[in-house]
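Read the structure below first, then the notes.
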């Protein structure tokens with residue numbers, strides 16, 4: 001699982017970013033609110049990406065963190081900023097970030113940009129961690145095929161077989177990135193990219209055929225567009 005460091009002094013924003021990233025399958029081992037905490041975190045363990053706010057508490061800001069990253073760690077970093085001043089943006093470019101996002105940041109924009117960065121660097125994470133009570137189940141996202149619910153249990157089918165999990169279908173879908181799994185009827189959800197073909201009433205996943213509920217047909221169509 002890819003590790004991302006958040007360097008952001010507004011704790012509400014940092015917490016929101018953390019939730020977005022974890023839901024998408026990334027790990028957030030640390031949140032730093034200033035230069036010193038960022039350096040301590042980077043010294044403590046390696047990260048695959050740093051999300052870096054320009055304005056931080058204290059004398060040193062995000063660009064100071066960026067300079068240290070370039071000198072000592074060579075870790076990719078992405079700026080988070082509400083500043084659109086052209087001269088500031090030119091200075092940001094000089095530190096060679098892998099990208100920057102303007103605040104306020106939407107979940108889909110954040111995770112899509114990170115996926116693209118990791119893919120371009122050959123580091124894309126495709127793991128999904130499913131939390132059920134004190135247990136954690138880890139799967140390669142590309143191996144997941146579909147899920148089928150039976151009362152309080154849901155069987156998750158993947159390329160290596162299947163696992164029966166004590167979780168509702170709704171609860172399971174909450175563990176996956178948005179629109180990664182598509183509910184086609186009351187008891188079945190399929191991974192979008194595992195669908196071989198579909199028509200107006202059915203979806204086909206390998207040798208399985210699932211009927212699309214009338215109440216969900218528009219939602220399924222929208223998700224596959």
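Numbering (full-length UniProt numbering), first residue to last: 1 to 225. Glycine included, C-beta positions come from ideal geometry on N, C-alpha and C. The structure presented is a predicted model; accordingly, all values stated were derived computationally and were not measured.
(message) Measuring straight from C-alpha to C-alpha, what distance separates residue 99 and residue 9?
(response) 20 angstroms
(request) Tell me, to the nearest whole angstrom, how far the beta carbon of residue 195 is from that of residue 167; I am working on the premise that it is less than 8 angstroms. (result) With 8 angstroms as the limit, residue 195 and residue 167 do not qualify as a contact, their Cβ atoms being about 22 angstroms apart.
(message) What would DSSP say about residue 73, mapped onto helix, strand or coil?
(response) helix
(request) May I ask you to report which of helix, strand or coil DSSP gives residue 184? (result) coil
(message) For the region 20 to 34 against the region 70 to 80, do three or more pairs of beta-carbon atoms, one drawn from each stretch, fall closer than 8 angstroms, so that the two count as touching?
(response) Three or more beta-carbon pairs separated by less than 8 angstroms are not found between the region 20 to 34 and the region 70 to 80, which leaves the two stretches without contact.
(message) Taking the straight line between their C-alpha atoms, what separation do you get for residue 137 and residue 162?
(response) 12 angstroms
(request) Measure from the alpha carbon of residue 176 to the alpha carbon of each residue in 142, 187, 61, then state which is nearest. (result) 142
(message) Count Cβ pairs between the region 81 to 90 and the region 106 to 116 that sit closer than 8 angstroms; are there 3 or more?
(response) no
(message) Could you check whether the region 32 to 49 touches the region 141 to 155, counting it as contact only if at least three pairs of C-beta atoms, one from each stretch, sit closer than 8 angstroms?
(response) no
(message) Let's see if you can read the secondary structure: which residues bound the beta strand (DSSP E) around residue 94?
(response) Element bounds for residue 94: not the beta strand (DSSP E) but the alpha helix (DSSP H), 86 to 94.
(request) Would you kindly work out how many angstroms separate the C-alpha atoms of residue 201 and residue 217, rounded to a whole number? (result) 8 angstroms
(request) Name the residue from 144, 220, 82, 22 whose alpha carbon lies nearest to the alpha carbon of residue 206. (result) 144
(request) May I ask which residues mark the beginning and end of the alpha helix (DSSP H) holding residue 172? (result) 169 to 174
(request) Mark residue 62 as exposed unless 16 or more other C-beta atoms lie within 10 angstroms of its C-beta, in which case mark it buried. (result) buried
(request) Leaving aside the five residues before and after residue 164 along the sequence, list all residues of the same chain whose C-beta is less than 6 angstroms from its C-beta, in chain order. (result) 153, 155
(request) On a CA-only basis, which of 84, 104, 115 is nearest residue 4? Give me that one, please. (result) 115
(message) Using only CA atoms, which one of 64, 52, 73 lies nearest to residue 46?
(response) That would be 73, whose Cα lies nearest to the Cα of residue 46.
(request) Whole angstroms is fine: what's the gap from residue 188's alpha carbon to residue 223's? (result) 15 angstroms
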